[in-house]
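Which chain is which? The protein sequence lines are A, B and C, in order. If you want my numbering, it's the position in the first sequence, counting the first as 1, plus 445. If you want my numbering, it's the position in the second sequence, counting the first as 1, plus 17. If you want my numbering, it's the position in the third sequence, counting the first as 1, plus 41. Notes to accompany the following structure.
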Amino acid sequence: MAERYYTETHEWVTVDDAVATIGITDFAQAQLGDVVFLELPRVGRLLEAGDTFGVVESVKAASDLYSPVPGTVIEVNESLNTHPEQVNKDPLGSGWLIRVRLNGDLSQSLLDEAGYAALTEAQAH
Amino acid sequence: MTEPLSFEKSRSALPPPRLPQAGVQTDAQLPEEHRRRRPPALPRLSEAEIMRHYSRLASMNYSISEQFYPLGSCTMKYNPVANEEAARLPGFAGLHPYQDEETAQGALELMWRLERALCSVVGVDRITLQPAAGAHAEWTALRMIQAYHRARGEDRTEVIVPDAAHGTNPASAVLCGFKVVEVRSGADGRVDTADLEAKLSNRVAALMLTNPNTLGLFEREIAEMAEMVHATGAKLYYDGANLNALMGVCRPGDMGFDAVHLNLHKTFTTPHGGGGPGAGPVGVKTDLVPFLPRPTVECDDGAFRLDHDRPQSIGRVRSFYGNFGMLVRAFTYVLAMGGDGLTQASRDAILAANYLRHRLEGVLDLPHEGPCMHEFVASARNLGPHGIKALDVAKGLLERGYYAPTVYFPLIVPEAVMIEPTETESRATLDAFADTVQAIVELARRSPEDLRAEPRSLPVGRLDEVAAARNPVLRWRPNGRDATASSPHEPVRSDTVNDRG
Amino acid sequence: MPYLVHSTEDREAMLEALGVATMDDLLVDIPPHLRVDGIDLEPGLSEFETMARVRALAGRNRVFEDRLWFRGGGVYQRFVPAAVSAVTSKPEFYTAYTPYQPEASQGTLQAIFEFQTLIAELTAMDVANASLYDGATALAEAAMMAVVETGRRHVVVAGCLHPEYADVLRCYGDGRGFDLRVGLEHVGSDTAAIVYQQPSFLGLLEDAAGLTELAHRHGALGIACVDPISLGMLAPPGEQGADIAVGEGQQLGLAASYGGPHVGFIACRKELMRRLPGRLVGEGHDDLGRRGFVLTLTAREQHIRRARATSNICTNHSLCALAASVYLTYMGPDGLRQVAEVSYQRAHALAERLAAIPGFELPFPDRQFLNEFPVRMFHVEHHLARLRAAGILGGLPVGPMFPDRPDLEDVAIFCCTEVNDPAALDLLVEVLTASAASVNTRSGAR
């Protein structure tokens, strides 16, 4: 299984054969509460690392989504249109958001499992 | 108790109300291509059914006429009934906005006098009465400040807003094309002036402030902050949400504010109407006067007129001259209260808030030191160990016949419970309310699950807001389908229209 | 003092409970140099004296008899059923706050849900919001929706838009960063929306279907600004391909009141639902399965999304929306159609009679209209003064509003509604005929 990397804005990314799958972390979904809506990009959109690619909304909050990687959006998780709760139930699995064909390297600033754990540990206090 | 929708009660066989017939001769007919194909599915109800329907709906509302409404930052004070009578006078309600000025002298004089009176209260040079509400007023003020900088050849792109500010502040700034820069609140609940200093630059167009701030605390260093802001060429904007603390006590204009907005629907007793209409006049100092929306009301030798010839004006922010009916109400209130009454009102509002705050010491957390001004922010975080949140306290108050305080605002206080009693509540009401909060807190400790099940005796219990937002149903449909499931572009057979059961 | 509740003893007891001696001890955070002592205003008055002053001001305005209003231009005299003010003067409605706590606000919430449905039905759009300030700001909000949706920065006005609405659009555009361009020659790949008023400010009908089609051909949105009463008979925006419909609801049971408060409405296709400004009420259920109503999709709004909100609007015009709901429910589809048809017939009968007066003409004889229409009458101010002297609020002179349109010089727009009975029409025609004769005689003698 591909290794998972994280951003400081609580997105995760896994890369498999130059295709990145992007979602939000379990910590992020817990902070947001029940997700009610996601605004996701159109297929074909070109993203730089750090670009906003959408918005996730709960009843009480709205949060921008930032791309961890550069590339072109090739797939959007359409099932979230009708079942946004998948982001809460399975954020690392069926609650993934978009797939991106990479056109550059992974940023050095991405966090690994341990780095992200340290970040959330700090923010939880 | 629930009440069916008017649409669900509609009876297709009911004849329409009796209305005038044309009684004129003409052969004119609207051509077919302009005719409506499918009539709107408006309900058909008799007048008796309509009155009963809305009477039942009315009985499902809490209102300031029946309940204590300690809704922080909203200044829910008693709405004098004389104001309503004044606004309904045919001499006001029956005026067309495009009547010749000679036939509307009383209306123009009222606006002129109201402007002068409000100028005295807040300490500014001129006021526009046009904006319809607080957020509209914020935006109007920022547009004037933007025009002022542009007229000086400066393109200032940032607006500074405190982290405790009302959400309309950043939203209004963005609507004017500004970038929002947040300034931190310090541990004492006031603007961190060091952070402000760091955020100020010649890119900054304005600092937006409320004083007293959203925690109900007076910004002691306001004069120093004004000096810092003005030194960079920026303007200082006063959000009037909390003006009820200051009438006859101190004036935003004297503190250094260049633009000041007032909510007539808070401080000046125009009723809130379940969400409006309000009125949000904006006052300005001399520098900004040329940029006021047009028209202004002027007086030449006792004759009042509208002045449209204002070349530097930002233009119009809405149609006509403002929510005139609300201006009549506020003017009536100002006449009745006078300078002495308004001053006493603010002092009583401050006294009531401090008294209630004192009564809640040890009941809820009070994260900031007093004294407070006209409101204060408590926190329900002391009930966290019992699994009780601010929301549960709010619902417990509803169950016991009080409207709830503002909860979860400002964002910088966890489990915030923001309480504003106003000057029109008696000491007995304040005591009874404090006792009720105490009873709720005791219930929270004793059996939190019971509190979490409240309210039980209102028309509905807690609604599943998550489900409502995931599958939004924003309208009734003749065939029961929701807004997201149908399109108006699909053909509708006209014979289905009257078949509404 | 009026409306204040404490006795001196109450105040002293409260100060004592706080452990302070005087009110000044509670004001210690205010720097002394900023303190003032009172307000430079005269002392308060008794209710009797207050109302006498207010009545005196009201008495200095001239109120024209309802049936003698022939002036519109965005605000109209209509029959208002007594049920409207009977409902809106219920204190449970007019003294409630924005319905943040749904359990204690079901009355307001359900009334707004009904308003949203009524407006969606009337405009034949998918979804409507809880109300906006007025027609002009509703149009500005619609334009901003289009700018965000399309990522384009030009808004094109087709036909004759209310000049104040155009001013408001410009004022919002100057801040938000979009331009207003007047005339279809400006439509192109950078157009966010085509805006049209139906009927136009002059009262004339536009080719609405053609305009929305043109907008869509260029990837722009079609925004219709409509007259809600007209929709009793006229093809609604939803039947003509509009993406957003807005309008002014004053005619739906609200007094003219020198221009406000009235109510703006906005409705759109479901695809644009999440770009709508302001409050939306949705259906929800409690744990016992009971239906209730609640503010929903709030993550669009300023109190959550702050700088990224769809709009800054917070307080809207809820009570005016309630008036509109009562009005539309009273009328029903047939009543509304009858009001629209009666207004149409009277206006056409009047137009024919005015056109027959020597020296008067209809400047756009080939254009269709509903109940408001332009008349060219040389010496327009003279005629309007004669009407005023006869107690009639005559048509609105539009020449000064459009200095760059010589074809509108000497033009006034007249309107008719169900309140202008046939005798009122006769009187208007009689006064204008005499006025025209006097002008013609004088010109002939010259």
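Ideal Cβ placement from N, Cα and C applies to all residues, glycine included. This one's a predicted model, so the numbers in the text were calculated from it and none came from an experiment.
Assuming residue i contacts residue j (C-beta within less than 8 angstroms), just tell me the rounded distance between them.
{"i": "S23 (chain B)", "j": "P60 (chain B)", "result": "4 angstroms"}
{"i": "T349 (chain B)", "j": "A103 (chain B)", "result": "4 angstroms"}
{"i": "G203 (chain B)", "j": "L234 (chain B)", "result": "About 11 angstroms separates the two Cβ atoms, so there is no contact after all."}
{"i": "A370 (chain B)", "j": "P298 (chain B)", "result": "Not a contact, Cβ separation roughly 25 angstroms."}
{"i": "V458 (chain B)", "j": "V380 (chain B)", "result": "5 angstroms"}
{"i": "V514 (chain A)", "j": "L491 (chain A)", "result": "12 angstroms between Cβ atoms; not a contact."}
{"i": "N353 (chain C)", "j": "T185 (chain B)", "result": "5 angstroms"}
{"i": "G319 (chain C)", "j": "N170 (chain C)", "result": "5 angstroms"}
{"i": "V176 (chain B)", "j": "V197 (chain B)", "result": "6 angstroms"}
What's the call for residue i, buried or exposed, on a 16-neighbour Cβ count within 10 Å?
{"i": "V488 (chain A)", "result": "exposed"}
{"i": "V69 (chain C)", "result": "exposed"}
{"i": "A348 (chain C)", "result": "buried"}
{"i": "S48 (chain C)", "result": "exposed"}
{"i": "P508 (chain B)", "result": "Low per-residue confidence applies at P508 (chain B): pLDDT is 34, beneath 50, and the placement is therefore not dependable, though the value from the model is reported in the following sentence. Result: exposed."}
{"i": "T370 (chain C)", "result": "buried"}
{"i": "D327 (chain C)", "result": "buried"}
{"i": "H74 (chain C)", "result": "exposed"}
{"i": "D275 (chain B)", "result": "buried"}
{"i": "A502 (chain B)", "result": "Interpretation of A502 (chain B) is limited by its pLDDT of 39, a score under 50 that renders its predicted location unreliable; no figure is taken from the coordinates."}
{"i": "T145 (chain B)", "result": "buried"}
{"i": "V460 (chain C)", "result": "buried"}
{"i": "D365 (chain B)", "result": "buried"}
{"i": "Q46 (chain B)", "result": "exposed"}
{"i": "C266 (chain C)", "result": "buried"}
List the DSSP bridge partners of residue i.
{"i": "H195 (chain C)", "result": "C:D220, C:T232"}
{"i": "D324 (chain B)", "result": "B:T313"}
{"i": "T423 (chain B)", "result": "B:M435"}
{"i": "L529 (chain B)", "result": "Because chain B here runs from 18 to 518, residue 529 (chain B) falls outside it and cannot be looked at."}
{"i": "T8 (chain B)", "result": "Given that chain B is displayed from residue 18 to residue 518, the structure contains no residue 8 (chain B) and the question cannot be resolved."}
{"i": "L329 (chain C)", "result": "Answer by DSSP bridge pairing: none, since L329 (chain C) is not bridged."}
{"i": "I405 (chain B)", "result": "Looking at the DSSP assignment, I405 (chain B) forms no beta bridge with any residue, so it has no partner."}
{"i": "T145 (chain B)", "result": "B:V299"}
{"i": "F401 (chain C)", "result": "C:M418"}
Could you tell me the distance, in whole angstroms, from the CA atom of residue i to the CA atom of residue j?
{"i": "F154 (chain C)", "j": "A485 (chain B)", "result": "13 angstroms"}
{"i": "T268 (chain B)", "j": "G79 (chain C)", "result": "At residue 268 (chain B) the sequence reads Arg, which differs from the Thr that was named. Each residue's Cα considered, the two are about 10 angstroms apart."}
{"i": "D13 (chain C)", "j": "R333 (chain B)", "result": "Because chain C in this structure spans residues 42 to 487, residue 13 (chain C) falls outside the shown range and cannot be described."}
{"i": "T474 (chain C)", "j": "Y206 (chain C)", "result": "34 angstroms"}
{"i": "V490 (chain B)", "j": "A152 (chain C)", "result": "15 angstroms"}
{"i": "R376 (chain B)", "j": "E386 (chain B)", "result": "14 angstroms"}
{"i": "H282 (chain B)", "j": "L344 (chain B)", "result": "10 angstroms"}
{"i": "G115 (chain C)", "j": "P32 (chain B)", "result": "31 angstroms"}
{"i": "T565 (chain A)", "j": "G401 (chain B)", "result": "21 angstroms"}
{"i": "P411 (chain B)", "j": "L360 (chain C)", "result": "The identity of residue 411 (chain B) in the sequence shown is Ala, whereas the question assumes Pro. Distance between the alpha carbons of A411 (chain B) and L360 (chain C): 25 angstroms."}
{"i": "S384 (chain C)", "j": "T158 (chain C)", "result": "25 angstroms"}
{"i": "R130 (chain B)", "j": "R112 (chain C)", "result": "28 angstroms"}
{"i": "F443 (chain C)", "j": "V421 (chain C)", "result": "15 angstroms"}
{"i": "S146 (chain C)", "j": "M77 (chain B)", "result": "6 angstroms"}
{"i": "A256 (chain C)", "j": "I264 (chain C)", "result": "9 angstroms"}
{"i": "D481 (chain B)", "j": "E466 (chain B)", "result": "18 angstroms"}
{"i": "A154 (chain B)", "j": "H278 (chain B)", "result": "6 angstroms"}
{"i": "V246 (chain B)", "j": "A188 (chain B)", "result": "21 angstroms"}
By the three-class DSSP mapping on this structure, what secondary structure does residue i have?
{"i": "R469 (chain B)", "result": "helix"}
{"i": "G323 (chain C)", "result": "strand"}
{"i": "A250 (chain C)", "result": "helix"}
{"i": "P143 (chain C)", "result": "helix"}
{"i": "T178 (chain C)", "result": "helix"}
{"i": "V128 (chain C)", "result": "helix"}
{"i": "I454 (chain C)", "result": "strand"}
{"i": "L173 (chain C)", "result": "strand"}
{"i": "D44 (chain B)", "result": "coil"}
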